[in-house]
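This report concerns only the one structure given below.
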């Protein structure tokens with residue numbers, strides 16, 4: 003049985019810049035940071051498409067030649083509601 007905390011620990015936030023566009027792709031994936039880095043590196047080295055799956059199960063597909071940058075980081079816990087600081 004997995005807890006909610008364990009599933010959040012393996013998630014990564016991904017931000018991909020697209021060349022010739024002022025838009026960026028922002029999404030959360032259930033893959034860890036190392037796995038995303040490996041997929042990005044392989045796609046850029048081979049010149050193929052980068053295929054990642056977001057946290058909702060949808061696929062994000064980007065041509066390697068259109069990638070201007072990729073930012074990958076640990077997913078932060080999202081807090082909702084009123085809290086004291």
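Residue numbers (the numbering used here): 3 to 87. Positions of the beta carbon are idealized from the N, C-alpha and C atoms, including for glycine. Values in this document were obtained by computation on a predicted structure and should not be read as measured data.
Nearest-angstrom Cα separation, counted from residue j out to residue i
i          : j          : result
residue 51 : residue 71 : 14 Å
residue 38 : residue 74 : 8 Å
residue 8  : residue 31 : The pLDDT assigned to residue 8 is 47, lower than 50, so where the model puts this residue is not dependable; a value taken from the coordinates is nonetheless given after this. So the two alpha carbons sit approximately 14 Å from each other.
residue 45 : residue 17 : 16 Å
residue 59 : residue 29 : 11 Å
residue 77 : residue 56 : 12 Å
residue 23 : residue 48 : 23 Å
residue 69 : residue 19 : 6 Å
First and last residue of the uninterrupted alpha helix (DSSP H) at residue i
i          : result
residue 61 : Here residue 61 belongs to no alpha helix (DSSP H); instead the beta strand (DSSP E) covers 61-65.
Residue i and residue j closer than 9 Å at C-beta
i          : j          : result
residue 42 : residue 14 : no
residue 61 : residue 21 : no
residue 27 : residue 53 : no
Boundaries (first-last residue) of the beta strand (DSSP E) holding residue i
i          : result
residue 55 : 51-55
residue 14 : 14-20
Reduced DSSP category for residue i - H, G, I as helix; E, B as strand; rest coil
i          : result
residue 40 : helix
residue 4  : Note on residue 4: pLDDT 47, under 50, position unreliable in the model; the coordinate value appears next. The answer is coil: DSSP assigns residue 4 none of H, G, I, E or B.
residue 45 : helix
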